[in-house]
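**Student:** Protein chains in written order, with our numbering: chain C, 133 to 616; chain D, 4 to 252.
We put the beta carbon where it would ideally sit given N, CA and C, even for glycine.
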Amino acid sequence: MAAVETTKDQVQALGEKYKYGFVTDIEMERAPRGLNEDTVAFISAKKREPEWMLQWRLGAFRRWREMKEPNWARVNFPKIDYQDAYYYAAPKSMSDKPQSLEEVDPKLLETYNKLGIPLHEQMALAGVAVDAVFDSVSVATTFKDTLTKAGVIFCPISEAIREHPELVKKYLGTVVPVTDNFFATLNSAVFSDGTFVYVPKGVRCPMELSTYFRINAGETGQFERTLIIADEGSYVSYLEGCTAPKRDENQLHAAVVELIALDRAEIKYSTVQNWYPGDESGNGGIYNFVTKRGDCRGRDSKISWTQVETGSAITWKYPSCILRGDNSVGEFYSIAIANHFQQADTGTKMIHMGKNTRSRIISKGISAGKAQNTYRGLVSMHAKAVNARNYTQCDSLLIGGQCGAHTVPYIETRNPTARVEHEATTSKIADDQLFYCLSRGINAEEAVALIVNGFCKDVLQQLPMEFAVEAQKLVSISLEGSVG
Amino acid sequence: MLEIKDLHATVDGKEILKGLSLTLQAGQVHAIMGPNGSGKSTLSYVLSGRAGYDVTSGSIRYKGEDLLALPPEARASKGIYLAMQYPVEIPGVTTINFLKTALNAQRRARGETDLDAVSVLRLVRGHAKALNISEEMLRRPLNVGFSGGEKKRLEILQMSVFEPSLAVLDETDSGLDIDALKLVAEGVNTLRSPDRAMLVITHYQRLLDYIVPDRVHVLAKGRIVAEGGKELAKELEAKGYADIVKDAA
Numbered sequence: 133m134a135a136v137e138t139t140k141d142q143v144q145a146l147g148e149k150y151k152y153g154f155v156t157d158i159e160m161e162r163a164p165r166g167l168n169e170d171t172v173a174f175i176s177a178k179k180r181e182p183e184w185m186l187q188w189r190l191g192a193f194r195r196w197r198e199m200k201e202p203n204w205a206r207v208n209f210p211k212i213d214y215q216d217a218y219y220y221a222a223p224k225s226m227s228d229k230p231q232s233l234e235e236v237d238p239k240l241l242e243t244y245n246k247l248g249i250p251l252h253e254q255m256a257l258a259g260v261a262v263d264a265v266f267d268s269v270s271v272a273t274t275f276k277d278t279l280t281k282a283g284v285i286f287c288p289i290s291e292a293i294r295e296h297p298e299l300v301k302k303y304l305g306t307v308v309p310v311t312d313n314f315f316a317t318l319n320s321a322v323f324s325d326g327t328f329v330y331v332p333k334g335v336r337c338p339m340e341l342s343t344y345f346r347i348n349a350g351e352t353g354q355f356e357r358t359l360i361i362a363d364e365g366s367y368v369s370y371l372e373g374c375t376a377p378k379r380d381e382n383q384l385h386a387a388v389v390e391l392i393a394l395d396r397a398e399i400k401y402s403t404v405q406n407w408y409p410g411d412e413s414g415n416g417g418i419y420n421f422v423t424k425r426g427d428c429r430g431r432d433s434k435i436s437w438t439q440v441e442t443g444s445a446i447t448w449k450y451p452s453c454i455l456r457g458d459n460s461v462g463e464f465y466s467i468a469i470a471n472h473f474q475q476a477d478t479g480t481k482m483i484h485m486g487k488n489t490r491s492r493i494i495s496k497g498i499s500a501g502k503a504q505n506t507y508r509g510l511v512s513m514h515a516k517a518v519n520a521r522n523y524t525q526c527d528s529l530l531i532g533g534q535c536g537a538h539t540v541p542y543i544e545t546r547n548p549t550a551r552v553e554h555e556a557t558t559s560k561i562a563d564d565q566l567f568y569c570l571s572r573g574i575n576a577e578e579a580v581a582l583i584v585n586g587f588c589k590d591v592l593q594q595l596p597m598e599f600a601v602e603a604q605k606l607v608s609i610s611l612e613g614s615v616g
Numbered sequence: 004m005l006e007i008k009d010l011h012a013t014v015d016g017k018e019i020l021k022g023l024s025l026t027l028q029a030g031q032v033h034a035i036m037g038p039n040g041s042g043k044s045t046l047s048y049v050l051s052g053r054a055g056y057d058v059t060s061g062s063i064r065y066k067g068e069d070l071l072a073l074p075p076e077a078r079a080s081k082g083i084y085l086a087m088q089y090p091v092e093i094p095g096v097t098t099i100n101f102l103k104t105a106l107n108a109q110r111r112a113r114g115e116t117d118l119d120a121v122s123v124l125r126l127v128r129g130h131a132k133a134l135n136i137s138e139e140m141l142r143r144p145l146n147v148g149f150s151g152g153e154k155k156r157l158e159i160l161q162m163s164v165f166e167p168s169l170a171v172l173d174e175t176d177s178g179l180d181i182d183a184l185k186l187v188a189e190g191v192n193t194l195r196s197p198d199r200a201m202l203v204i205t206h207y208q209r210l211l212d213y214i215v216p217d218r219v220h221v222l223a224k225g226r227i228v229a230e231g232g233k234e235l236a237k238e239l240e241a242k243g244y245a246d247i248v249k250d251a252a
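The structure is reproduced here in structure tokens:
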């Protein structure tokens, strides 16, 4: 509980502005600016990767060179010069891997403390194993013993590539193919690090797994790669949280997350995304182009995505489920908040392939300031998806008169027995709601936070406890300055 | 406690209050009666500081302070409470959470420390029972799906929890059956105290059988046109507003 309290206090202390805007001064080891085969080889060598991995990356890179940035999303941003960025940065002091937390660069630990995720407390009290990604290198992995005992592999993906090549080879790129889309292909070529999880047959992972991602170095794109495999009859819950320091230039983030659930396995993946959104006039901020996809490969399997998206200047993200196994279940619970000049285009794809597959989509979009918020979703019922069912609910809340909310649902049905339900609402925070709160002593900002948290409740409830508290605070912080 | 002098107020550019004056001492309960459109609700909103209800001239002093200089949330933390005619629904926010948020916001504004969830629940429970408000109701989203009577009882519950110095009850009797009315009136009566003043706004005399006022003011066309003791309410009931208003004019 103390960890939760600390996080809470920390977040509370943020005040009216984004307070994670600090930069830790750590000497970086960088790949040269720009992107070519040498850069790819540099990254691969840095990670001491086997030849097959290098070839995999190079294949992706060659493919990427021929691809074009997608332009169908409702987002606008200046052209990204991919040759003007760095693709690899590691805190130098980490070249020699620390054996324990005491050996970790104190500046790193300080940064985590500022973020309100003290490792010690987390380890001791919250029972969360943290594989903390600081820029590109994973620095601390805890609770390894407990996990090892259970047979769970939880490690940086670079380590998995070296130590568990058979698993990585078998599953990497099988959910999000190398050629999937511009950003995923770029990620495949240059991903720096990320997380690997394997939960063996019949094992219920003994703790929530959590990774904190954070962009630190200027002009360094972040290309995280996550691969989670839940073997037959297993269960795992994974938490991902993000904050980034304040910077003026835009930063590119293009992560790929692949989830694989085999027979009767269940994966719950929760995200709180709070990348730097840019300032109040729309300068700076992270460009977040993420490909997240889960494959319910086995019968009776289940994948559940929960996301709280409050940050980034641009969010382009569609955590999806391929419901391949019969009776498999896909869920998508989302809160997307866009304030000031933020642009969010997010949603999900539920691809029903197996019989009796079910999916549920609950999306809550909140727009304030001059932000644009789009829900974009696809529900696809394939020919063999006998008795498949989907329920979609998209609610939009507008704060002020200059923002926009858009709902773009696509539905395809090739099976007459499939059922698809879609409900959508759009509302504004009413004057009388606001006045009611004010007349009870609650100030305007707190009132908006209260009303919005109420609006998001169905989704917040899906988050693990410790995340829910943090997420609630973030929801409030994200909307500060949106009224009055 | 409250001193209103020659108050003029407009809504959407239209003058609704046209020189209203009223003085209310601590420990007293005054009733404001008047026909529809006389400005009763406008008065309650002006007192609590609702945006769009603009005071064009006149003054309101509360405990010696210029009330009009305070934003609505500050008025609340300084002890002004408005029980609304139409309580508002807030989906997804449980009643108990709303009470806790409001109470702690007021406490913080007064430089007091927050009460934790357990203390708030204990405090609320104590008052809820008397008003026949169940635990289940406290866990439901604020006013969502509440009956008219439940909403009004909840307004009184909030009043009990916040312990205001000045309570304004805006048509608290509307939409209540006689049993609910008695329950609400009892709740209000237990809150009568020497250091608390109440302004009971109502269209009908009926409520005043249960909440007996020290003084009755008749509001018509934005001004107080008649004043008297509790018997004035009876007179209004018998004669109707038209005569009184005409007599006064």
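Alpha carbon to alpha carbon, what distance is there between F567 (chain C) and A54 (chain D)?
**Tutor:** Approximately 8 Å, taken between the alpha carbons.
**Student:** Can you say whether T45 (chain D) is buried or exposed, counting buried as having 16 or more other CB atoms within 10 angstroms of its CB?
**Tutor:** By the neighbour-count rule (16 or more Cβ atoms within 10 Å), T45 (chain D) is buried.
**Student:** Do V389 (chain C) and K424 (chain C) have their C-beta atoms closer together than 8 Å?
**Tutor:** Against a cut-off of 8 Å, the Cβ pair of K424 (chain C) and V389 (chain C) comes out as a contact.
**Student:** Do A316 (chain C) and the ligand SAM come close, with the Cβ less than 7 Å from some heavy atom?
**Tutor:** The ligand SAM is absent from the structure shown, which contains no ligand whatsoever.
**Student:** With 8 Å as the threshold, decide whether the Cβ of V265 (chain C) is near any Cβ in chain D.
**Tutor:** Confidence is the limiting factor: at V265 (chain C) the pLDDT is only 49, short of 50, which leaves the residue's position unreliable, though a coordinate-based value still follows. Taking Cβ atoms only, chain D never reaches closer than 8 Å to V265 (chain C), which makes this a no.
**Student:** At a CB distance below 8 Å, what residues from the stretch 578-590 of chain C approach chain D? Give them in sequence order.
**Tutor:** Per Cβ criterion, the list reads E578, L582, I583, N585, G586, F587, C588, K589 and D590.
**Student:** Please identify, using Cβ separations under 9 Å, the residues of the stretch 84-100 of chain D that lie next to chain C, in order along the chain.
**Tutor:** Flagged, chain order: Y84, L85, M87, Y89, P90, V91, E92, I93, P94, G95, V96, T97 and N100.
**Student:** S163 (chain D) by DSSP, collapsed to three states: which one?
**Tutor:** Note: S163 (chain D) maps to helix in three-state DSSP.
**Student:** Going along the chain, which residues of the stretch 12-34 of chain D sit with their C-beta nearer than 8 Å to a C-beta in chain C?
**Tutor:** The stretch 12-34 of chain D vs chain C, Cβ under 8 Å: nothing.
**Student:** Identify the contact partners of P167 (chain D) in chain C, using a Cβ-Cβ distance below 7 Å as the criterion.
**Tutor:** Near P167 (chain D) there are no residues of chain C at all, since even the closest Cβ is about 10 Å away, more than 7 Å.
**Student:** So what's Q144 (chain C) in DSSP terms, helix, strand or just coil?
**Tutor:** For Q144 (chain C), the predicted model reports a pLDDT of 39, less than 50, meaning its position is unreliable; a value from the coordinates is still stated below. Three-state result, Q144 (chain C): helix.
**Student:** Is the stretch 513-526 of chain C close to the stretch 563-577 of chain C, with three or more CB pairs under 8 Å?
**Tutor:** Judged by Cβ distances under 8 Å, the stretch 513-526 of chain C makes no contact with the stretch 563-577 of chain C, as fewer than three pairs qualify.
**Student:** State the Cα-Cα distance for the pair G536 (chain C) and K496 (chain C), rounded to the nearest angstrom.
**Tutor:** C-alpha separation (whole angstroms): 14 Å.
**Student:** Please identify the residue among D:L210, D:S60, D:K154 and D:S122 whose C-alpha is closest to the C-alpha of V91 (chain D).
**Tutor:** The shortest Cα separation from V91 (chain D) among D:L210, D:S60, D:K154 and D:S122 belongs to D:K154.
**Student:** Assuming C569 (chain C) is part of the alpha helix (DSSP H), what are its boundary residues?
**Tutor:** Residues D563 to L570.
**Student:** Out of D:G52, D:L102, D:F101 and D:L134, point me to the one whose CA is closest to V14 (chain D)'s CA.
**Tutor:** With distances taken between Cα atoms, V14 (chain D) lies closest to D:G52.
**Student:** One question on the structure: do R119 (chain C) and Y450 (chain C) come within less than 8 Å of each other, judged by their Cβ atoms?
**Tutor:** Because chain C is modelled from 133 through 616, residue 119 (chain C) falls outside the range shown and cannot be assessed.
**Student:** Decide yes or no for the touch test of the stretch 531-546 of chain C against the stretch 55-68 of chain D: beta carbon pairs closer than 8 Å, at least 3 of them.
**Tutor:** Judged by Cβ distances under 8 Å, the stretch 531-546 of chain C makes no contact with the stretch 55-68 of chain D, as fewer than three pairs qualify.
**Student:** For the beta strand (DSSP E) containing D427 (chain C), name the first residue and the last one.
**Tutor:** Note, D427 (chain C): beta strand (DSSP E), I418 to C428.
**Student:** Between G232 (chain D) and V32 (chain D), what straight-line distance do the alpha-carbon atoms span, to the nearest angstrom?
**Tutor:** So the two alpha carbons sit approximately 11 Å from each other.
**Student:** So which residues on chain C does L218 (chain D) lean against when the C-beta distance must stay under 8 Å?
**Tutor:** Here residue 218 (chain D) is Arg; the residue named in the question, Leu, does not match the sequence. Correct list: empty, because the minimum Cβ distance to chain C is about 25 Å.
**Student:** Using 8 Å as the Cβ pair cut-off and three pairs as the minimum, do the stretch 587-601 of chain C and the stretch 98-111 of chain D touch?
**Tutor:** Taking 8 Å as the limit for Cβ pairs, the verdict is that the stretch 98-111 of chain D does not touch the stretch 587-601 of chain C.
**Student:** Could you spell out the range, first to last residue, of the alpha helix (DSSP H) harbouring T317 (chain C)?
**Tutor:** Counting along the chain, the alpha helix (DSSP H) containing T317 (chain C) begins and ends at F314 to V322.
**Student:** Per DSSP, C526 (chain C) is paired with what?
**Tutor:** DSSP output for C526 (chain C) lists C:S495 and C:A556 as bridge partner(s).
**Student:** Does DSSP put W437 (chain C) in a helix, in a strand, or in coil?
**Tutor:** Strand.
**Student:** Please confirm whether Q565 (chain C) has its beta-carbon closer than 8 Å to some beta-carbon of chain D.
**Tutor:** Chain D, which has a Cβ nearer than 8 Å to the Cβ of Q565 (chain C), makes this yes.
**Student:** Per DSSP, what kind of secondary structure is T273 (chain C) in: helix, strand or coil?
**Tutor:** Since pLDDT at T273 (chain C) reaches only 49, below the 50 mark, its modelled position is unreliable, and the value read off the structure follows with that caveat. Reduced to three states, the DSSP call for T273 (chain C) is strand.
**Student:** Does K502 (chain C) come out as helix, strand or coil in the three-state DSSP assignment?
**Tutor:** Coil at K502 (chain C), not helix or strand.
**Student:** Thinking C-beta only, is V422 (chain C) closer than 8 Å to A397 (chain C)?
**Tutor:** No.
**Student:** Just how far apart, CA to CA, sit V221 (chain D) and Y207 (chain D)?
**Tutor:** Cα-Cα distance, rounded: 12 Å.
**Student:** Counting only beta-carbon atoms, is T116 (chain D) nearer than 8 Å to chain C?
**Tutor:** T116 (chain D) does not count as touching chain C.
**Student:** Please report the distance separating the alpha-carbon of Q254 (chain C) from that of Q109 (chain D).
**Tutor:** Low per-residue confidence applies at Q254 (chain C): pLDDT is 38, beneath 50, and the placement is therefore not dependable, though the value from the model is reported in the following sentence. Going by the C-alpha atoms only, they are around 33 Å apart.
**Student:** Rounded to whole angstroms, how far is the Cβ of T506 (chain C) from the Cβ of A550 (chain C), which I believe are closer than 8 Å?
**Tutor:** The pair is not a contact, with the Cβ atoms about 25 Å apart (cut-off 8 Å).
**Student:** Just verifying my parser: in three-state terms, what is the DSSP assignment at K516 (chain C)?
**Tutor:** Three-state result, K516 (chain C): coil.
**Student:** For R551 (chain C), which residues does DSSP report across the bridge?
**Tutor:** Partner(s): C:R521.
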